[in-house]
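J.: I have a structure here, written as structure tokens, and I will follow up with some questions on it.
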Amino acid sequence: MIRKLSSDSTLVADFMVELVDKFCHSPKWSGRQAYAFVCQLAIEDDCISLEQFSEYLLPPLLQLVSDPVPNVRVLLAKTIRQSLLEKEYFLHSANSHQEALEQTLVALQMDLDKDVKYFASVHPGNTRINDDAMSTASSTY
Numbered sequence: 001m002i003r004k005l006s007s008d009s010t011l012v013a014d015f016m017v018e019l020v021d022k023f024c025h026s027p028k029w030s031g032r033q034a035y036a037f038v039c040q041l042a043i044e045d046d047c048i049s050l051e052q053f054s055e056y057l058l059p060p061l062l063q064l065v066s067d068p069v070p071n072v073r074v075l076l077a078k079t080i081r082q083s084l085l086e087k088e089y090f091l092h093s094a095n096s097h098q099e100a101l102e103q104t105l106v107a108l109q110m111d112l113d114k115d116v117k118y119f120a121s122v123h124p125g126n127t128r129i130n131d132d133a134m135s136t137a138s139s140t141y
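Note that the working numbering has the sequence shown beginning at 1, numbered continuously upward.
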């Protein structure tokens with residue numbers, strides 16, 4: 001849907017505002033979780049420019065750090081670790097969004113929920129299990 005609107009910046013902006021209003025600010029946790037998932041897909045599938053994402057979708061996404069439902073915060077942590085931090089755009093210290101992402105991750109790493117802490121702390125493919133498996137495999141050959 002976003003790709004079809006991408007030729008008209010006004011429609012894209014209106015669509016993203018509507019997405020934030022209907023999902024990110026939803027009274028239902030499933031709506032807020034869906035918002036985080038849509039953000040993850042928008043980044044992974046390059047549906048919108050990173051500049052548009054940062055302007056319209058990122059600030060409300062990062063506000064989910066204080067969501068009362070752990071499943072929403074878990075998906076936020078996954079979205080940051082597995083999608084946003086995979087993009088060079090968000091890794092440069094000159095980028096004003098890097099500090100906000102780092103602060104959000106630190107808050108998620110100190111979360112009371114163990115699953116939120118885990119997904120905020122561990123980068124996919126860099127888990128202890130994977131490291132142990134790789135060291136075992138390499139030592140046997």
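For each residue, glycine too, the CB sits at the ideal point set by N, CA and C.
Using CA coordinates, which residue listed in 81, 18, 88 and 28 is at the minimum distance from residue 57?
T.: Looking at the Cα atoms, 18 is the closest of the given residues.
J.: What does the alpha-carbon distance come out to for the pair residue 116 and residue 104?
T.: Rounded to whole angstroms, residue 116 to residue 104 spans 12 Å at the Cα level.
J.: Where does residue 49 fall in DSSP's three states?
T.: It is coil, neither helix nor strand.
J.: Buried or exposed: where does residue 72 fall if 16 or more other Cβ atoms within 10 Å of its Cβ makes it buried?
T.: By the neighbour-count rule (16 or more Cβ atoms within 10 Å), residue 72 is buried.
J.: Tell me the residue span of the alpha helix (DSSP H) that contains residue 35.
T.: Per DSSP, residue 35 belongs to the alpha helix (DSSP H) from 29–44.
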